[in-house]
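To start, the structure under review is shown below, and the notes come after it.
In the numbering used here, the protein residues as written are 13 to 91.
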């Protein structure tokens with residue numbers, strides 16, 4: 013996936029969301045959700061500690077055509 017494909021949706025979402033400090037974009041994937049095409053963005057720790065599936069992350073889903081944020085989730089260890 014090229015950055016130019018998802019950059020407008022990502023920038024629109026980042027005007028409303030704050031990514032936790034120390035996290036960077038790990039993946040941007042196109043999916044279908046309830047008949048709509050969406051982008052799923054996943055951020056993981058820059059340090060790479062506890063990354064990967066099941067690891068610490070901050071993720072959100074954005075509708076591809078309207079840039080509407082459909083959901084936000086995260087698992088972040090604050091200890």
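Virtual Cβ for every residue (Gly too), placed ideally from N, Cα, C.
Comparing alpha-carbon positions, the option among 23, 59, 50 and 64 lying closest to residue 83 turns out to be 50. In the structure shown, residue 39 falls within a strand segment according to DSSP collapsed to helix, strand and coil. For residue 79, the CB contacts under 8 angstroms within the same chain, skipping 5 residues up- and downstream, are 20, 21, 24 and 25 in chain order.
As computed with DSSP, residue 79 is found in no beta bridge at all. In its chain, beyond the 5 residues on either side, 68 and 89 have a beta carbon closer than 7 angstroms to the beta carbon of residue 62. Boundaries of the alpha helix (DSSP H) harbouring residue 17: 15–26, taken from the DSSP string.
Secondary-structure assignment with DSSP links residue 45 through a beta bridge to 48.
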